[in-house]
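Data block below; observations after.
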Amino acid sequence: MNVHAPALAEAHRFDGPISAFGRDVIENLSQAPKRLSPKYFYDSAGSELFEQITLLPEYYPTRTELTILRDRGRAISAIIPKGAALVEFGAGATTKVRLLLDQCALGAYVPVDISGDFLQAQADALRADYPNLNVYPVTADFTAPFDLPEAVRAMPKVGFFPGSTLGNFEPHEALGFLRSARNILGKDARMVIGVDLEKDERVLYDAYNDSAGITARFNLNVLHRINRELGGDFDVGAFVHRAIYNRDRHRIEMHLISKKALTAQVLGKQFSFRPGESIHTENSYKYSIDRFMALARSAGWQPLESWTDAAGMFSVHALVASD
Ligand code: AVI
Numbered sequence: 020m021n022v023h024a025p026a027l028a029e030a031h032r033f034d035g036p037i038s039a040f041g042r043d044v045i046e047n048l049s050q051a052p053k054r055l056s057p058k059y060f061y062d063s064a065g066s067e068l069f070e071q072i073t074l075l076p077e078y079y080p081t082r083t084e085l086t087i088l089r090d091r092g093r094a095i096s097a098i099i100p101k102g103a104a105l106v107e108f109g110a111g112a113t114t115k116v117r118l119l120l121d122q123c124a125l126g127a128y129v130p131v132d133i134s135g136d137f138l139q140a141q142a143d144a145l146r147a148d149y150p151n152l153n154v155y156p157v158t159a160d161f162t163a164p165f166d167l168p169e170a171v172r173a174m175p176k177v178g179f180f181p182g183s184t185l186g187n188f189e190p191h192e193a194l195g196f197l198r199s200a201r202n203i204l205g206k207d208a209r210m211v212i213g214v215d216l217e218k219d220e221r222v223l224y225d226a227y228n229d230s231a232g233i234t235a236r237f238n239l240n241v242l243h244r245i246n247r248e249l250g251g252d253f254d255v256g257a258f259v260h261r262a263i264y265n266r267d268r269h270r271i272e273m274h275l276i277s278k279k280a281l282t283a284q285v286l287g288k289q290f291s292f293r294p295g296e297s298i299h300t301e302n303s304y305k306y307s308i309d310r311f312m313a314l315a316r317s318a319g320w321q322p323l324e325s326w327t328d329a330a331g332m333f334s335v336h337a338l339v340a341s342d
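Every letter in the sequence shown is one number past the one before it in our numbering, and letter 50, counting from 1, is 69.
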């Protein structure tokens, strides 16, 4: 039972125009099988939980990508032309971009993110530490076309997409994103992108089933968010986190499984759950180097160079736009 829901005053709060979040939730929970988009994991509680995930002993991707960026920073930075505008798709913690900034002479840094407040805070922190760097934040959904700031139009462009966020896109979305990035960045552009690799299934399983239960809280938080922001009444304690590796589709799947028969109401619409029924909340695709390169080629990019850690857990790729 959602403690925030029943009061009349509360009910009025949800009477207004339905947000994109509300529309997506209603549409996705009306499907069979039920699903929710992973983009809704990241409210402030979810973003904080994700930061905790990146520090977990079982969650190797963040640590491993940082090692590659640190160890191969010089070679990676060598593909970034002097005076280039580095366009980061999605602006997380600035830890990763700082590793590149320390090694190359950028003309500008352009972080692009849907969350304007977060973006400004990150931009201010960078300006304080790199007073000579031009920082031009762009508030936009980076999965859709957007305009680059006028000030960087004449500069060579380099895209930066770390964190294997590409893995959370369905294959057709990953192709669409890479094509769109190619169009936004233009002719002769380059791209540096982090991609998680296929590996021992036990390692993958453990990374999404950590012993501290943080990934479970991250997954369940989306139901809390629906209760908080959409006046839902999900009994969150009646759901459990499940993450499995789907070998045929090269992906970790995250689900929320209902422990019993129940109903939940969101924005006046009732959803019924059978015992054991799943809400599919996230896919995290894992690539081989060859499969990623084939994807990049079909999106208009030519692979220039790839780097992995010694154990071959994670990869960072440099691409150049093909004519
Ligand atoms: C953000 N993204 C690359 C993470 C991943 O590994 O797919 C999200 C995540 N989901 C569960 N743990 C981390």
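We treat Cβ as the ideally placed atom computed from N, Cα and C, and that holds for glycine.
Please read all numbers here as calculations on a predicted model, not as lab measurements.
Query                                                                                                         : Result
Ser-334, buried or exposed, once every other Cβ within 10 Å from all chains shown has been counted against 16 : buried
Contact set for Pro-190: own chain, Cβ-Cβ below 8 Å, skip 5 residues either direction                         : Tyr-304, Leu-314
Segments assigned alpha helix (DSSP H), at least 4 residues, entirely inside the region 82 to 112             : 92 to 97
Cβ-Cβ separation, Ile-133 to Val-285 (assumed contact under 8 Å), whole Å                                     : Not confirmed; about 22 Å, so no contact.
Closest Cα partner of Ile-233 within the set Ala-39, Pro-76, Ala-257                                          : Pro-76
Glu-272 beta carbon near the ligand AVI (any heavy atom closer than 7 Å)                                      : no
DSSP bridge partner residues for Gly-178 (one or two, in chain order)                                         : Val-106, Met-210
Bridge-paired residues (DSSP) for Thr-158                                                                     : Asp-132
C-alpha distance - Glu-84 paired with Asp-328, whole-angstrom precision                                       : 8 Å
Span separating the alpha-carbon of Gln-139 from that of Val-154                                              : 10 Å
Candidates Ile-263, Thr-282, Ile-245: closest to Ala-64 by CA position                                        : Ile-245
Cβ-heavy atom distance, Gly-232 to the ligand AVI, below 7 Å                                                  : no
Extent of the continuous beta strand (DSSP E) to which Glu-272 belongs                                        : 270 to 277
Length of the line joining the Cα atoms of Lys-279 and Thr-300                                                : 19 Å
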